[in-house]
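Undergrad: Got a structure for you, written out below as structure tokens; questions coming shortly.
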Amino acid sequence: MIIAIDGPAASGKGTIARALAGHHRLPHLDTGLLYRGVGAAALASGTGFDDIPALAALAAGLDLAALDEEALKAGPVGEAASRVAAVPEVRAALLKLQRDFARQPGGAVLDGRDIGTVIAPEAEVKIFVTATPEARAERRFSELLKRGEAVTFDQVLDDIRRRDARDSGRAAAPLVQAPDAITLDNTGLDRDASIARALAIVAERIGRN
0 MIIAIDGPAA SGKGTIARAL AGHHRLPHLD TGLLYRGVGA AALASGTGFD DIPALAALAA
60 GLDLAALDEE ALKAGPVGEA ASRVAAVPEV RAALLKLQRD FARQPGGAVL DGRDIGTVIA
120 PEAEVKIFVT ATPEARAERR FSELLKRGEA VTFDQVLDDI RRRDARDSGR AAAPLVQAPD
180 AITLDNTGLD RDASIARALA IVAERIGRN
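What the sequence shown shows, in numbering that gives the first Met the number 0, is residues 0 to 208, in sequence order.
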């Protein structure tokens, strides 16, 4: 069984995906970490975001086992990830890795922005997790403050809106909801309620199939 979780930045899709993976005992891949890994590598090496061959080479050489989730959640890395994710050559370099993960025996849970539309359009369950930009900015703002980062809410909200526009407007695999995905708007839901709703969606879809 493949479960595809898509949605914009800070929508809570990663939290939901991890909970579903644990509940159904399936491996989980946060595909956003791949792009964060490439973005972080670009920042560390001084690679320009217009240097397409160099960015593609960074993506091709990405070591999934070496990705440090906590380090890759820093503010500048998120912006870098959104920029490299708009590069078709980067997406092509990471495509096989993601598809192989999804199609391993027994299935998997993947979260990202194009799982249900590009990576695993055959997924048995597709959920599109969303919330208002303000709600998502509040969550991200709280996370960054806990890490000691000096940011304002307005800066985080501007970043969220900028990333939404870039992710939805890019030519390569834009952020769009798959026609057969179920919407989970968690603007007014806490973590537990969001997970409960996602579990119910999966149970309903499995039962229907």
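Just so you know, even glycine gets a beta-carbon here, dropped at the ideal spot from N, CA and C.
Using the Cβ count rule (16 or more neighbours within 10 Å means buried), how would you classify Pro7?
TA: Start at 1 with the first residue of the sequence shown, and residue 7 comes out as number 8. The residue in question, Pro7, is buried, as its Cβ has 16 or more Cβ neighbours within 10 Å.
Undergrad: From Glu137 to Phe152, what does the alpha carbon distance come to, in whole angstroms?
TA: What you label residue 137 is simply residue 138 of the sequence shown in a count that begins at 1. What you label residue 152 is simply residue 153 of the sequence shown in a count that begins at 1. Answer to the nearest angstrom: the Cα atoms are 7 Å apart.
Undergrad: Quick check on the DSSP output: the alpha helix (DSSP H) that includes Ala134 runs from which residue to which?
TA: Here residue 134 refers to the residue found at position 135 when the sequence shown is read from its first residue. Unbroken alpha helix (DSSP H) run through Ala134: Pro132 to Lys145.
Undergrad: If contacts are defined as beta-carbon pairs under 8 Å, then Asp99 and Gly13 qualify, I think. What distance do you get, rounded to the angstrom?
TA: Taking the sequence shown and counting its residues from 1, one reaches residue 99 at position 100. Taking the sequence shown and counting its residues from 1, one reaches residue 13 at position 14. The pair is not a contact, with the Cβ atoms about 20 Å apart (cut-off 8 Å).
Undergrad: Three or more C-beta pairs closer than 8 Å, one from the region 88-96 and one from the region 120-134: is that the case here?
TA: No contact exists between the region 88-96 and the region 120-134.
Undergrad: Please state whether DSSP places Val124 in a helix, a strand or coil.
TA: Position 125 of the sequence shown holds residue 124. Strand, per DSSP.
Undergrad: Mapping DSSP to helix, strand and coil, what is Ala180?
TA: The count along the sequence shown starts at 1 and reaches residue 180 at position 181. Three-state DSSP puts Ala180 in coil, outside helix and strand.
Undergrad: Check the C-beta distance from Ala16 over to Ile4 and give it rounded, since I have them as a contact under 8 Å.
TA: Reading the sequence shown from its first residue, position 17 is the one you call residue 16. Reading the sequence shown from its first residue, position 5 is the one you call residue 4. Indeed they touch by this definition, with Cβ atoms about 4 Å apart.
Undergrad: List the whole-angstrom C-beta distance separating Arg135 from Ser10, where the pair is believed to meet the contact cut-off of C-beta under 8 Å.
TA: Sequence index remark: in the sequence shown, residue 135 carries index 136 (1-based). Sequence index remark: in the sequence shown, residue 10 carries index 11 (1-based). Arg135 to Ser10, Cβ: 6 Å. Contact.
Undergrad: Can you look up Thr46 in the DSSP assignment and give me helix, strand or coil?
TA: The count along the sequence shown starts at 1 and reaches residue 46 at position 47. The answer is coil: DSSP assigns Thr46 none of H, G, I, E or B.
Undergrad: Can you give me the start and stop residues for the alpha helix (DSSP H) that Leu93 sits inside?
TA: Here the question's residue 93 lines up with position 94 in the sequence shown. Residues Pro87 to Ala101.
Undergrad: Using only the alpha-carbon positions, how far apart do Leu183 and Ala197 sit?
TA: Here the question's residue 183 lines up with position 184 in the sequence shown. Here the question's residue 197 lines up with position 198 in the sequence shown. The alpha-carbon atoms of Leu183 and Ala197 are separated by roughly 7 Å.
Undergrad: What residue from Gly36, Ala130 and Arg139 has the CA that sits closest to Ala84's CA?
TA: Residue mapping note: residue 84 aligns to position 85 of the sequence shown, counting from 1. That would be Gly36, whose Cα lies nearest to the Cα of Ala84.
Undergrad: For Ile1, report the span of its alpha helix (DSSP H) as first-last.
TA: What you label residue 1 is simply residue 2 of the sequence shown in a count that begins at 1. Careful: Ile1 lies outside any alpha helix (DSSP H), inside the beta strand (DSSP E) at Ile1 to Asp5.
Undergrad: For Asp166, name the three-state secondary structure that DSSP assigns.
TA: One-based indexing of the sequence shown puts residue 166 at position 167. Correct three-state label for Asp166: helix.
Undergrad: Mind checking which residues open and close the alpha helix (DSSP H) that includes Leu54?
TA: As a first step, residue 54 must be located in the sequence shown, where it is residue number 55. Note, Leu54: alpha helix (DSSP H), Ile51 to Ala59.
Undergrad: Looking at C-alpha atoms only, which residue of Leu28, Glu78, Pro26 and His22 is the closest neighbour of Ala40?
TA: For the purposes of this step, residue 40 is taken as residue 41 along the sequence shown, with counting starting at 1. Of Leu28, Glu78, Pro26 and His22, the residue nearest in Cα terms is Glu78.
Undergrad: For Gly105, does the three-state DSSP call read helix, strand or coil?
TA: Counted from its first residue, the sequence shown places residue 105 at position 106. Coil.
Undergrad: Are Val150 and Gly38 touching if we call contact CB-CB under 8 Å?
TA: Your numbering for residue 150 matches position 151 in the sequence shown. Your numbering for residue 38 matches position 39 in the sequence shown. Not closer than 8 Å, so no.
Undergrad: Exposed or buried, Arg112, counting other C-beta atoms within 10 Å across all chains shown (16 or more means buried)?
TA: In the sequence shown, residue 112 corresponds to position 113, counting from 1. It is buried - the Cβ of Arg112 has at least 16 other Cβ atoms within 10 Å.
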